Ligand SMILES: Nc1ncnc2c1ncn2[C@@H]1O[C@H](COP(=O)(O)OP(=O)(O)OP(=O)(O)O)[C@@H](O)[C@H]1O
Ligand SMILES: [Mg+2]
């Protein structure tokens, strides 16, 4: 088992009232799964993904990732954990505008203390794999949306994570670009065994996955 | 990693070129001014402190009650020094200083004017002016021995050894060079090229035992173990046994180390002096540095919202907090370092002009360890302070929040920024007001009615044979038509060299100790100087030989003496009965910044130093001068002809004030510049961050005007607050400044309105340029991004 959420609650206080963003979420994810999270806007999909990705905390419940109890970990330890095992893909790509494609890909490796030669090899490998060698010296603003998301996925993958979290990765893309990214995800999942959790509004995209988790008002349905 | 950060930092800099430039330039301008002022202050604080025994050197001052007030001054009678040496064994050395004199030096047909003075042999024991040749113990012991500086030696003898060579001084006495001094450093108030021993003065019969004639400075050096407190009590009553006319006058030892920076006394108490200016400028330096630094921080943090995304992404990718903090601090320090390098450039470029402005020989000592340490300290401190907000604030956020953009953008001015803007503009307004008032005061004084005609009037100091040949010189000058009128006086019309409270007249009050200025003029003084007669007549020796004891009063003197019918009255002064023959309107005799004091002009029986000549208006100035020069050189051949235009001598009196004005203008412009840089940066960033809001408003129908107003309003409100704070402060300060002038303007409220309006317009232009640009932008563009 890769991760397990037990009775997760998350809330905010507003005007003396407690507003629940996540209510009693229980979820088990096995290694090699490809899960799609679905639900209407505002149902808590992004919130759930951020909690799983440890970008955000929660107020109640237990979260086990591999053998670690995330709810008991210190901030530093937690960040080591996700640095090691998790890659993120965002709807709006979130590439660093000041860095070229190559440098963007290199970023995560820098924080993991890979050697220079190693980094170079890994970046070259990724560029090759995603067919973007020709774009390596361009800045993100010089790329199309689909190309940017390709770089985003490549960046998420570069450090060989066990889990990829993707929040509406195709939200800003046209249908052809979407299909390319989805096909890529499927290939990664099937050939490399990478676990994927994606948030999506599209039934078609969800069909790429092996399982669908539905949310409504912060609750699993 | 570092490389990566540097890369981002550098590209960030380049991407926001205009902004980075503004920020770096603003900071370096502030740093440059501060550096200049610190260099200057440093120079002033070390002025005349290099003497080895500075702690034991004192200047002898007098303190005396005059009209109920305790006055302090530093000129002493000639016989005081020998008495101190005789009566007080605690004193190790004592020396008189005659005051500056100019002598003609002649050697093998080479004539050279040199500036120097007459001192006692102990002078070089007291002050540390090292000798290159000769011994301190005996260089000033020979009556006709003279010590000269290396520069003068070089001018006189080229490379030959000057020791033992003879020179003729003032075309009369032969002197032997006994010693050569190293040239005086620039940071001493002494300024002489030669020293002549006091024994020479005695031999020439110019020494005197008159305790009422306070005309020389006396310096003493106490023994190493003498306590100042104890000794000053002892020496207090020195005059009691010697000074018949004012035995109660107090003798007071003033530490020499304090004379340059302090030495302003009010009612017997030291009340500052130059130190006031130094403190003022230290304040200004601090404020400008503060403004520049806060500006820098402000602009850096205004941009931090933009950087939030970067932080979020980096955190999502796995960057530890520590590294992000380091990155921001590093970037900020990088920027400050660039500013520091730029500062060095600016300072070395500007230093010569600044030196000319303040009349000081400052230099940047790049070999000084302290300089580099403090520079590095400033860079790191400013860098860390400016970088700390984005570093700690942003890196502490959860990435999910930062990436969602919920972190607060700089849409509104937060309190610290408001305070900063108010502070900056308060200072700017105070400085603008100061500039206006200083210029008004200067203009007003320059346009003051003089009471004499300075055009075409020249004066020449009497040297060599001019005294002896005076009559023939006058005859020839008038005869050849170069000069329409001529008079000899004791001082130039622009300077008062003589005064007294001892004059007597019928009806003088018993306790009247008012100083009356004294001028001597042999003949035709009213005509030559263009004074305005109110009663009586000019001095005319040819027609009335008895005019040698004539006296002319100015109106202030007439009012002070209270004569009903002044003509024919007698004034006793210096043992002579002077009879009043005329009264002239008040004229500016000494400082144009002072009110006019009572003055009398005594006739030919006085003593004379200066010849005033009114050039003939019918000829050109150069024709007249050629003739005058020829006449003087004919009758006084050894001395080169010297003269001064009265109008330029008068104009020189404004140099200090002109300098103050220039400095103020400089600081004002800089402060406004730095303040506006900050305002500009803030305004442009706020406009940028509200670009979406502006787009929506425009789509909904808002006009460019309403949007401009919306964006500028907040800033202008702050500037208005600054006007309210600055006005009373500057009113107080400037009135205080004006009090140091007797002849002064009254400050009009219009000046404050002017300063306020000027500031508001500058601020408006700065802010609205950004606001208008934002308001004009195409809304489609701003709405489709993101
Ligand atoms: N800091 C917060 N304070 C209050 N409410 C919040 C906060 N963050 C999120 N919410 C609320 O939590 C709910 C879930 O938000 P979330 O972003 O997870 O929705 P989502 O399912 O991802 O929607 P979408 O499909 O539109 O992206 C929303 O109703 C949102 O308003
Ligand atoms: Mg969402």
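Residue numbers (our numbering), protein chains in the order written: chain A, 787 to 1007; chain B, 662 to 1447.
C-beta atoms are modelled at their ideal positions from N, C-alpha and C, and glycine is treated no differently.
The structure displayed is predicted, hence computed values, not measured ones.
From the DSSP output, which residues share a beta bridge with residue 930 of chain B?
Position 269 of the second chain, counted from the start, is the residue given in the question as residue 930 of chain B. Beta-bridge pairing links residue 930 of chain B to B:927.
Taking the C-alpha atoms as reference points, what is the distance between residue 1419 of chain B and residue 1111 of chain B?
Taking the second chain and counting its residues from 1, the one referred to as residue 1419 of chain B is at position 758. Taking the second chain and counting its residues from 1, the one referred to as residue 1111 of chain B is at position 450. Each residue's Cα considered, the two are about 34 Å apart.
Check residue 928 of chain A in the structure and name its three-state DSSP category.
Residue numbering aside, residue 928 of chain A sits at position 142 when the first chain is read from its first letter. DSSP places residue 928 of chain A in helix when its eight states are reduced to three.
Can you list, in chain order, the residues of the stretch 978-1009 of chain B whose Cβ is nearer than 9 Å to any Cβ on chain A?
Of all residues in the stretch 978-1009 of chain B, those with a C-beta nearer than 9 Å to a C-beta of chain A are 978, 979, 980, 981, 982 and 984, reading in chain order.
I want to check one thing, is the minimum distance from the CB of residue 798 of chain A to the heavy atoms of ligand 1 below 7 Å?
Along the first chain, one-based indexing puts residue 798 of chain A at 12. Yes, ligand 1 has a heavy atom inside 7 Å of this Cβ.
Residues around ligand 3, please: the condition is that the C-beta lies closer than 7 Å to some non-hydrogen atom of it.
Ligand 3 is not part of the structure shown, which contains ligand 1 and ligand 2 as its ligands.
Local conformation of residue 876 of chain A per DSSP, three classes:
Residue mapping note: residue 876 of chain A aligns to position 90 of the first chain, counting from 1. Three-state result, residue 876 of chain A: coil.
For residue 1071 of chain B, does the three-state DSSP call read helix, strand or coil?
Within the second chain, numbered from 1, the residue matching residue 1071 of chain B stands at position 410. For residue 1071 of chain B, the pLDDT reaches just 47, beneath the cut-off of 50, and the residue's location in the model is therefore unreliable, leaving the point undetermined.
Where the beta strand (DSSP E) containing residue 997 of chain A begins and where it ends
The sequence position of residue 997 of chain A within the first chain is 211, counting from 1. 997-1002 is the span of the beta strand (DSSP E), which, as asked, contains residue 997 of chain A.
Taking the straight line between their C-alpha atoms, what separation do you get for residue 775 of chain B and residue 1291 of chain B?
Position 114 of the second chain, counted from the start, is the residue given in the question as residue 775 of chain B. Position 630 of the second chain, counted from the start, is the residue given in the question as residue 1291 of chain B. Each residue's Cα considered, the two are about 23 Å apart.
Exposure of residue 840 of chain A, with buried meaning 16 or more beta-carbon neighbours within 10 Å:
Against the first chain, residue 840 of chain A aligns to sequence position 54. Counting Cβ neighbours within 10 Å, residue 840 of chain A comes out buried, since at least 16 surround it.
When Cβ atoms are compared, which residues of the stretch 834-849 of chain A fall closer than 7 Å to chain B?
836, 841 and 842
Just to make sure I have the definition right: I need the residues of chain A whose C-beta is within less than 9 Å of the C-beta of residue 665 of chain B. Which are they?
Position 4 of the second chain, counted from the start, is the residue given in the question as residue 665 of chain B. Residues of chain A passing the Cβ test: 885, 889, 892, 893 and 896.
Using the Cβ count rule (16 or more neighbours within 10 Å means buried), how would you classify residue 1057 of chain B?
Here the question's residue 1057 of chain B lines up with position 396 in the second chain. Residue 1057 of chain B should be labelled exposed.
Flag residue 828 of chain A as yes when its Cβ comes closer than 7 Å to any non-hydrogen atom of ligand 1, and as no otherwise.
Residue 828 of chain A sits at position 42 when you count from the first residue of the first chain. Flag set: Cβ of residue 828 of chain A near ligand 1.
Would residue 971 of chain B count as contacting chain A if we go by Cβ distances under 8 Å?
Mapped onto the second chain, residue 971 of chain B falls at position 310. Yes, because at least one Cβ of chain A sits closer than 8 Å to the Cβ of residue 971 of chain B.
Spatial neighbours of residue 1395 of chain B within its chain, please: CB distance less than 7 Å, with the 5 preceding and 5 following residues excluded, ordered by chain position.
Sequence index remark: in the second chain, residue 1395 of chain B carries index 734 (1-based). So the list reads 1094, 1095, 1098 and 1408, once near-sequence residues are dropped.
Separation of residue 878 of chain A from residue 1352 of chain B, as counted between CA atoms:
Counting from 1 along the second chain, the entry for residue 1352 of chain B is found at position 691. Counting from 1 along the first chain, the entry for residue 878 of chain A is found at position 92. Residue 1352 of chain B and residue 878 of chain A: Cα-Cα distance of roughly 20 Å.
Where does the unbroken beta strand (DSSP E) through residue 858 of chain B begin, and where does it stop?
Walking along the second chain from the start, residue 858 of chain B turns up at place 197. Looking at the DSSP string, the run of the beta strand (DSSP E) that includes residue 858 of chain B is 855-858.
Give me the DSSP bridge partner(s) of residue 725 of chain B.
Here residue 725 of chain B corresponds to residue number 64 of the second chain, with the count starting at 1. Paired residue(s): B:732.
Considering only residues of the stretch 1261-1340 of chain B, which uninterrupted alpha helix (DSSP H) runs meet the minimum length of 4 residues and lie entirely inside it, listed in chain order?
1282-1296 and 1307-1313
Within the continuous beta strand (DSSP E) that includes residue 767 of chain B, where are the two ends?
As a first step, residue 767 of chain B is located in the second chain; it is residue number 106 there, counting from the start. Element bounds for residue 767 of chain B: 762-768.
How would you call residue 796 of chain B, buried or exposed, if buried means at least 16 neighbouring beta carbons within 10 angstroms?
In the second chain, residue 796 of chain B corresponds to position 135, counting from 1. Exposed.
Taking Cβ-Cβ distances shorter than 8 Å, what residues in chain B pair up with residue 882 of chain A?
Sequence index remark: in the first chain, residue 882 of chain A carries index 96 (1-based). Near residue 882 of chain A (Cβ distances below 8 Å), the residues of chain B are 669, 971, 974 and 975.
Exposed or buried, residue 954 of chain B, counting other C-beta atoms within 10 Å across all chains shown (16 or more means buried)?
Against the second chain, residue 954 of chain B aligns to sequence position 293. Looking at its Cβ environment, which holds 16 or more other Cβ atoms inside 10 Å, residue 954 of chain B is buried.
Which two residues bound the contiguous beta strand (DSSP E) that contains residue 1196 of chain B?
Within the second chain, numbered from 1, the residue matching residue 1196 of chain B stands at position 535. Residue 1196 of chain B -> beta strand (DSSP E) spans 1194-1197.
Regarding residue 807 of chain A and ligand 1, is the C-beta to nearest heavy atom distance less than 7 Å?
For the purposes of this step, residue 807 of chain A is taken as residue 21 along the first chain, with counting starting at 1. Answer for residue 807 of chain A: yes, Cβ within range of ligand 1.
What does the alpha-carbon distance come out to for the pair residue 791 of chain B and residue 923 of chain B?
Translated into positions along the second chain, residue 791 of chain B becomes position 130. Translated into positions along the second chain, residue 923 of chain B becomes position 262. Across the structure, residue 791 of chain B and residue 923 of chain B are spaced so that their CA atoms are roughly 26 Å apart.
Just curious, the alpha helix (DSSP H) that residue 674 of chain B is in, first and last residue?
Translated into positions along the second chain, residue 674 of chain B becomes position 13. Counted as a single uninterrupted DSSP element, the alpha helix (DSSP H) harbouring residue 674 of chain B occupies residues 663-676.
Please check the pair residue 1297 of chain B and residue 1127 of chain B, which I expect to be a contact at CB under 8 Å, by giving their CB distance rounded to whole angstroms.
Here residue 1297 of chain B refers to the residue found at position 636 of the second chain. Here residue 1127 of chain B refers to the residue found at position 466 of the second chain. Yes, residue 1297 of chain B and residue 1127 of chain B are in contact; Cβ-Cβ is about 5 Å, under 8 Å.
Any beta carbon of chain A sitting closer than 8 Å to that of residue 681 of chain B?
The residue labelled residue 681 of chain B in the question sits at position 20 within the second chain. So no, residue 681 of chain B is outside the interface.
When the Cα atoms are used, what is the spatial distance from residue 1038 of chain B to residue 702 of chain B?
Translated into positions along the second chain, residue 1038 of chain B becomes position 377. Translated into positions along the second chain, residue 702 of chain B becomes position 41. In this model, residue 1038 of chain B and residue 702 of chain B are separated by some 19 Å (Cα to Cα).
Using the DSSP secondary-structure output, state which residues sit across from residue 792 of chain B in a beta bridge.
What you label residue 792 of chain B is simply residue 131 of the second chain in a count that begins at 1. DSSP output for residue 792 of chain B lists B:842 as bridge partner(s).
Please find out if some non-hydrogen atom of ligand 1 comes closer than 7 Å to the beta-carbon of residue 825 of chain A.
Here residue 825 of chain A refers to the residue found at position 39 when the first chain is read from its first residue. Under cutoff, so the answer is yes.
Quick one: is residue 868 of chain A near chain B, going by C-beta distance under 8 Å?
Residue mapping note: residue 868 of chain A aligns to position 82 of the first chain, counting from 1. Closer than 8 Å: yes.
Please decide whether residue 1051 of chain B counts as near chain A, where near means a Cβ-Cβ distance under 8 Å.
Working through the second chain from its first residue, we reach residue 1051 of chain B at position 390. Closer than 8 Å: no.
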